[in-house]
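Taking it in order: structure first as structure tokens, then the write-up.
There are 4 protein chains.
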Amino acid sequence: MLSFESDYTEGAHEKILERLMDTNRESLPGYGADRYSESAREKIKNACRCPGAAVYFLVGGTQTNAVVIDGLLGACEGVIAARTGHINVHEAGAIEKTGHKVLELPEHQGKIAAGELRDFLKSFWSDENHSHMVYPGMVYISHPTEYGTLYSCSELEDISSVCREYKIPLYMDGARLIYGLAGAESDVSLPDIARLCDAFYIGGTKAGALCGEAVVFTKDRVPLHFTAQIKQHGALLAKGRLLGIQFDTLFTDRLYEKIGLHAAEMAGRLKEGLKERGYSFYLESPTNQQFVILTKEQYERLKKHVAVSFWEQLSDSGIVVRFAVSWATRQEDLEALWEVLDRLKMEETQEVG
Amino acid sequence: MLSFESDYTEGAHEKILERLMDTNRESLPGYGADRYSESAREKIKNACRCPGAAVYFLVGGTQTNAVVIDGLLGACEGVIAARTGHINVHEAGAIEKTGHKVLELPEHQGKIAAGELRDFLKSFWSDENHSHMVYPGMVYISHPTEYGTLYSCSELEDISSVCREYKIPLYMDGARLIYGLAGAESDVSLPDIARLCDAFYIGGTKAGALCGEAVVFTKDRVPLHFTAQIKQHGALLAKGRLLGIQFDTLFTDRLYEKIGLHAAEMAGRLKEGLKERGYSFYLESPTNQQFVILTKEQYERLKKHVAVSFWEQLSDSGIVVRFAVSWATRQEDLEALWEVLDRLKMEETQEVG
Amino acid sequence: MLSFESDYTEGAHEKILERLMDTNRESLPGYGADRYSESAREKIKNACRCPGAAVYFLVGGTQTNAVVIDGLLGACEGVIAARTGHINVHEAGAIEKTGHKVLELPEHQGKIAAGELRDFLKSFWSDENHSHMVYPGMVYISHPTEYGTLYSCSELEDISSVCREYKIPLYMDGARLIYGLAGAESDVSLPDIARLCDAFYIGGTKAGALCGEAVVFTKDRVPLHFTAQIKQHGALLAKGRLLGIQFDTLFTDRLYEKIGLHAAEMAGRLKEGLKERGYSFYLESPTNQQFVILTKEQYERLKKHVAVSFWEQLSDSGIVVRFAVSWATRQEDLEALWEVLDRLKMEETQEVG
Amino acid sequence: MLSFESDYTEGAHEKILERLMDTNRESLPGYGADRYSESAREKIKNACRCPGAAVYFLVGGTQTNAVVIDGLLGACEGVIAARTGHINVHEAGAIEKTGHKVLELPEHQGKIAAGELRDFLKSFWSDENHSHMVYPGMVYISHPTEYGTLYSCSELEDISSVCREYKIPLYMDGARLIYGLAGAESDVSLPDIARLCDAFYIGGTKAGALCGEAVVFTKDRVPLHFTAQIKQHGALLAKGRLLGIQFDTLFTDRLYEKIGLHAAEMAGRLKEGLKERGYSFYLESPTNQQFVILTKEQYERLKKHVAVSFWEQLSDSGIVVRFAVSWATRQEDLEALWEVLDRLKMEETQEVG
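Protein chains in written order, with this note's numbering: chain A, 41 to 393; chain B, 41 to 393; chain C, 41 to 393; chain D, 41 to 393.
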């Protein structure tokens with residue numbers, strides 16, 4: 041069946057698989073001490089133009105968020121995030137499992153606002169006695185957000201500046217960063233992110249790898265005994281080569297960038313095609329996820345032919361569904377989608393008629 | 041350089057890589073809901089002759105131990121393990137991180153003894169008031185152990201019987217299970233393990249997979265909301281297919297068994313060859329890890345030519361090193377090893393002379 | 041200085057101190073096994089008309105909430121509470137420290153609404169896949185709430201009924217329960233609470249004891265190894281007699297009730313007197329805490345003469361302050377307060393004049 | 041019944057109760073901000089001759105150990121303790137509940153040896169790769185130990201010196217410190233302890249208070265947001281006055297010292313009297329706890345007349361029981377004990393005869 045369900049439904053970019061094949065019989069040390077991991081770390085630091093950065097490879101996104109946030113927070117500190125932030129709603133309480141609270145800020149299409157962040161911090165610190173409260177210890181954002189929206193460079197600068205004012209680290213969840221960097225409407229680059237964030241991760245899983253996320257600490261803020269912390273969380277991969285080789289491949293010959301551009305191309309066509317067919321959008325997303333409002337009937341029909349993600353039930357009985365493209369989407373997939381949508385539209389009209 | 045450092049220094053068995061290639065462009069649901077994961081679960085249940093089992097795939101061993109043990113223990117309960125058990129010494133405190141104590145039993149070449157287990161439990165329960173103590177909530181063993189030793193079927197039956205008497209689950213860490221099942225001296229089969237343990241895992245990482253461990257609950261003791269627990273630990277892989285396809289391959293056409301037999305063959309030759317060359321063994325291991333005592337000088341020379349694992353500094357200045365073979369070891373690797381050892385021996389004799 | 045700062049600024053009711061004196065040299069077993077603790081447990085069960093209840097004594101409120109909630113929740117479960125619930129804002133993250141999330145509901149003057157609770161639960165369970173979410177595992181309410189407001193018996197019945205429908209326990213924080221039971225506007229009794237809640241605690245600290253909270257489990261839902269859990273949380277008092285004697289005294293000759301009625305009398309006069317003097321109230325509280333809006337100048341003057349609690353800075357520069365009465369407030373304290381307020385009012389008028 | 045069961049079976053020293061009475065109606069701020077707590081902190085700093093110390097009051101011993109150890113340890117760090125240390129065996133896993141491992145050292149009548157501590161640390165740090173292990177983050181000792189034994193000043197100096205060498209804090213559990221300071225055989229003073237330890241606590245519960253332990257940080261190592269940490273652990277007492285007044289009384293007119301001397305006097309007589317009557321001792325204890333070996337029959341008879349603590353079942357059917365004296369023991373209690381013991385001895389002889 042045709043699938044626009046998510047950006048992790050296929051395996052890996054073929055170049056990655058080839059590289060795994062080619063290196064398969066090499067005997068390499070474990071736990072990230074192999075030469076491919078070392079090379080990948082160097083290439084990522086270059087891509088970020090941040091030679092002093094420290095780079096670690098983990099397996100998945102929720103794991104990465106839990107390990108990094110638990111590592112950056114001190115006792116009694118919580119992490120500030122948008123109410124809709126992934127760590128607050130879709131990680132089964134992984135942050136709280138480490139003993140830390142998620143401190144909610146209002147969200148604006150998935151984003152937090154620098155002004156509201158400053159107000160929150162100001163209000164906390166203006167109270168003299170905090171010993172009954174959770175201290176705001178860091179800020180979490182994702183880029184793109186849960187809703188596919190993007191921070192502008194100036195928005196990021198404002199948030200970063202508030203964090204520095206209050207001396208707390210800014211951390212960016214980049215599970216889908218590739219789709220944020222490549223979009224035509226994005227003015228944020230990897231070096232910008234390295235400059236403005238204290239830590240962030242470059243998602244591999246949703247960017248053509250089998251698995252893997254590359255955490256980058258840009259400002260000498262690597263948590264104490266960090267490799268042991270990764271191990272303690274059960275997140276230190278024995279065959280670290282699996283992560284090293286994949287990221288080394290992604291950051292060789294600009295593969296990561298090319299994948300992103302292809303996906304952005306597909307994303308633009310998806311959005312355009314849905315618009316042309318008169319669908320209404322739940323919100324304006326400039327990235328690879330498009331949120332469309334369907335009636336229950338439309339949704340029931342559609343899902344017989346195309347895998348999409350159920351997103352949300354609206355109060356007026358409308359249903360939000362997500363269409364996602366990825367590095368793996370081809371022009372013919374889109375064409376097949378148009379064919380299905382047009383056919384369903386016709387059937388709908390006939391029935392009504 | 042020639043490597044006998046561990047059983048996870050190569051990539052994956054070629055059949056696994058081929059299968060990943062072949063299925064790469066299939067669009068599959070995430071988080072283990074794909075058909076390969078489903079198929080692998082069925083094949084594992086069959087191999088265990090345990091149709092009622094529940095099978096889950098995780099990424100790595102420490103992670104698996106933490107998720108399963110945290111899941112099986114109730115409040116104020118700890119896990120009984122050998123003093124040298126992996127969870128007690130080499131997992132960076134991953135069990136304690138989940139809030140549970142490891143309750144130590146004496147070890148006998150890495151193994152616990154049923155009699156000592158019974159005494160421990162009897163002594164705990166004979167005290168009337170336990171409210172100041174950690175309750176023994178389950179038993180952890182590994183097979184093979186940290187020292188490559190094996191439980192006999194009758195030893196396992198005794199331990200299992202004590203666990204049932206005291207109504208606590210028995211859990212087996214099978215990171216290297218493949219090397220335990222295949223050895224000529226082993227009388228324990230997968231169905232035996234499924235019969236005697238409440239939970240165990242079949243290690244993939246050290247058995248020719250890129251990563252992955254298959255957890256098997258045999259007696260309806262799957263922890264509450266277990267998939268969410270896996271997620272909460274950051275251990276739920278988005279592209280679950282990566283684990284499903286690998287285990288499906290391992291359990292197709294008896295590949296897992298064949299890999300094991302090959303490794304057992306190599307292990308036998310390794311042990312034999314070391315014996316013939318007059319090395320003394322730290323202990324008698326029937327599996328793929330051999331622990332040999334060297335002088336400091338011997339060790340220094342050796343490691344210039346062959347990667348081995350430093351294991352332990354003995355009080356009398358002897359050094360224990362580990363030679364490991366695996367699914368990936370070939371006859372020519374052994375021959376290269378003999379050549380090196382013989383040459384070093386000759387040099388040593390000449391110098392002394 | 042005159043103090044209306046809180047309901048825990050004095051020591052203990054004199055009858056309690058006398059009883060501690062009288063029993064002081066008796067040699068009694070520790071950890072709550074003494075006869076006074078036993079007697080107190082029986083009296084509390086009688087007062088609740090719940091002979092099957094299990095009663096435990098702990099030292100303080102935050103401790104009690106953490107121990108009970110951690111005990112009642114399973115893995116991956118969170119506790120539903122009002123956004124303004126004490127556990128969500130004023131306990132320094134004690135719940136998250138135990139690994140559990142607080143799931144926020146909207147608040148209505150500190151209370152949650154049964155309808156919104158049902159919607160939340162319905163929405164959670166209508167989604168088929170929860171493995172990425174925190175399961176709603178119990179409901180927390182406080183009575184009176186953080187704002188001194190009260191649930192009516194019918195509101196409690198509705199909430200209780202939703203909890204039973206979804207098979208999750210209802211837990212009431214009764215830190216200030218004494219002020220909730222005694223008020224003229226309250227139609228909720230201890231037996232009602234025992235009938236409608238699965239667990240609750242009767243606060244001692246704010247009801248004339250030096251310290252101590254009595255936890256009551258009414259429906260056979262005592263958590264596993266609960267005394268050990270209390271110990272593990274560092275909450276098992278060695279000299280349990282200190283708690284037993286105090287609660288035994290409170291529940292002898294209806295002392296708890298009498299204290300409550302006296303405080304309610306004082307609370308009524310406080311509210312009346314503030315109203316007569318034209319103060320505006322932040323909200324309508326029927327209990328011992330009254331929330332009054334002052335200008336910054338009024339607050340600065342007032343606090344030179346009377347200790348009150350700063351509660352909240354309003355956006356329009358108004359300041360909410362809390363006046364609290366308690367078991368220890370005497371008629372002459374109120375008279376002294378009126379004198380101060382009248383004098384300040386006069387000064388204010390003159391200055392303006 | 042006559043009781044030598046423990047040192048916490050009575051209420052409080054009468055001077056403490058009087059002081060609670062006298063101050064009862066004073067209106068004081070909560071959470072330790074009252075003037076009695078402030079005064080007590082000053083007196084303790086003076087008694088320790090450590091003007092730069094920071095003093096905090098907590099309610100009980102297990103709580104204090106958990107809060108302080110959790111506060112002092114970083115991520116992936118564990119606390120080194122004797123195998124028989126209270127935190128390792130009698131606190132229901134309170135340390136592990138905070139996520140940290142207890143790293144066991146051998147015990148010598150309850151004590152650790154500086155040499156073995158150094159070996160442990162040296163061995164840990166001589167290994168180059170610790171990322172799979174728990175880092176030794178601090179050292180826990182108790183004085184007296186679980187077996188009533190004492191460190192000499194020179195032993196403490198050696199342990200302290202190892203800790204400084206390895207830059208980890210030394211923490212002393214002083215639940216029974218009063219009995220350690222007063223004994224004739226002790227050459228360790230409060231100022232010695234303050235000089236040699238980074239943190240320790242002065243037990244109140246077992247020294248004539250109703251409850252309460254005074255934590256002293258001597259070297260600017262107060263954990264981050266420590267009052268909030270206390271709150272988060274549920275250990276911040278609302279009526280902090282209860283702790284402040286008790287410690288202020290204990291440290292006024294040398295009451296703490298006098299209580300200790302009285303108890304030491306009683307302890308000496310207890311030991312002497314048991315010796316004279318021919319009992320054999322499980323070990324040589326110089327403090328208020330004496331461990332005596334009885335036959336099962338002797339124990340059964342004894343416990344009908346005197347409350348003592350069952351300590352341990354020896355393998356040869358002997359039973360270790362503990363007799364404890366305290367601040368509350370009077371000469372007539374000892375005389376009553378001798379009467380009982382002599383009578384039982386006579387009955388025993390007659391039966392055998």
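Beta carbons are placed, not taken as given, at the ideal position from N, Cα and C, and that holds for glycine.
- With a beta-carbon spacing of about 7 Å, C/Ile218 and C/Ala303 fall inside the 8 Å limit used to define contacts.
- A straight line joining the alpha-carbon of C/Val179 with that of D/Ala254 spans about 36 Å.
- Unbroken alpha helix (DSSP H) runs of no fewer than 4 residues, entirely contained in the stretch 203–272 of chain C, are found at 217–222, 230–236 and 266–272, following chain order.
- Within chain A, Gly133, Glu136 and Lys137 have C-beta atoms less than 9 Å from the C-beta of C/His140, given in sequence order.
- Beta-carbon to beta-carbon, A/Leu282 and B/Cys237 are separated by about 29 Å, too far to satisfy the 8 Å threshold.
- C-alpha of C/Gly133 to C-alpha of B/Ile56: approximately 46 Å in a straight line.
- At a cut-off of 8 Å between beta carbons, D/His302 makes no contact with chain C.
- Between B/Arg204 and the set B/Gly220, B/Arg235, B/Ala122 and B/Leu190, the nearest pair of CA atoms involves B/Arg235.
- In the three-state reduction of the DSSP assignment, B/Ile285 falls in the helix class, which pools H, G and I.
- Any Cβ of chain D closer than 8 Å to the Cβ of A/Ser171 would place that residue at the interface, and such an atom is present.
- Between the alpha carbons of A/Leu143 and C/Ala106 lies a gap of roughly 19 Å.
- A/Met212 and A/Lys259 have their alpha carbons spaced roughly 14 Å apart.
- From the beta-carbon of A/Pro263, the residues of chain D found nearer than 7 Å are Ala115.
- Across the structure, D/Gly118 and D/Tyr175 are spaced so that their CA atoms are roughly 6 Å apart.
- Membership of D/Trp165 in any beta strand (DSSP E) is not indicated; the residue belongs instead to the alpha helix (DSSP H) covering Ala154 to Ser166.
- Note on geometry: alpha-carbon atoms of A/Glu352 and A/Gly188 lie some 15 Å from one another.
- Beta-carbon to beta-carbon, C/Ile120 and C/Phe160 are separated by about 7 Å, close enough to satisfy the 8 Å threshold.
- D/Met178: member of the beta strand (DSSP E) spanning Tyr175 to Ser182, first to last residue.
- When the beta-carbon positions are compared, D/Lys279 and C/Tyr48 come within less than 8 Å of each other.
- Interface criterion not met: the Cβ of C/His273 is under 8 Å from no Cβ in chain A.
- For D/Gln103, no chain A residue has a Cβ inside 7 Å of its Cβ, as the nearest lies near 16 Å away.
- Cβ-Cβ distances below 8 Å link D/Ala224 to Ala304, Gly308 and Pro326 in the same chain, with the five nearest sequence neighbours on each side left out; the list follows chain order.
- In this structure, the alpha-carbon of D/Arg216 lies about 25 Å from that of B/Glu168.
- With fewer than 16 other Cβ atoms from the protein chains shown falling within 10 Å of its own Cβ, C/Pro91 counts as exposed.
- The alpha carbon of D/Val361 has as its nearest neighbour, out of D/His183, D/Gln371 and D/Tyr319, the alpha carbon of D/Tyr319.
- Interface criterion met: the Cβ of B/Thr245 is under 8 Å from a Cβ in chain A.
- If the five residues before and after D/Tyr206 are omitted, its C-beta is found closer than 7 Å to the C-beta atoms of Leu161, all from its own chain and listed in chain order.
- Spatial neighbours of D/Arg261 in its own chain (CB-CB distance under 8 Å, excluding positions within 5 residues in sequence) are listed in chain order as Leu112, Pro209, Asp238 and Ala239.
- Comparing alpha-carbon positions, the option among B/Thr124, B/Gly139 and B/Phe97 lying closest to B/Ile109 turns out to be B/Gly139.
- Taking 8 Å as the cut-off, the Cβ atoms of A/Cys116 and D/His265 count as close.
- Per the C-alpha coordinates, the member of B/Ala154, B/Gly177 and B/Glu50 positioned closest to B/Ser192 is B/Ala154.
- Taking C-alpha positions only, C/Val202 is separated from C/Lys151 by approximately 15 Å.
- Per DSSP, the unbroken alpha helix (DSSP H) holding C/Ser79 starts and ends at Arg75 to Ala87.
- As summarised for the stretch 296–350 of chain C, the continuous alpha helix (DSSP H) elements at least 4 residues long and confined to that stretch are 336–342, given in chain order.
- Inter-residue distance for D/Leu277 and D/Val99 is about 7 Å (C-alpha atoms, whole angstroms).
- For C/Ser200, the three-state secondary structure derived from DSSP is helix.
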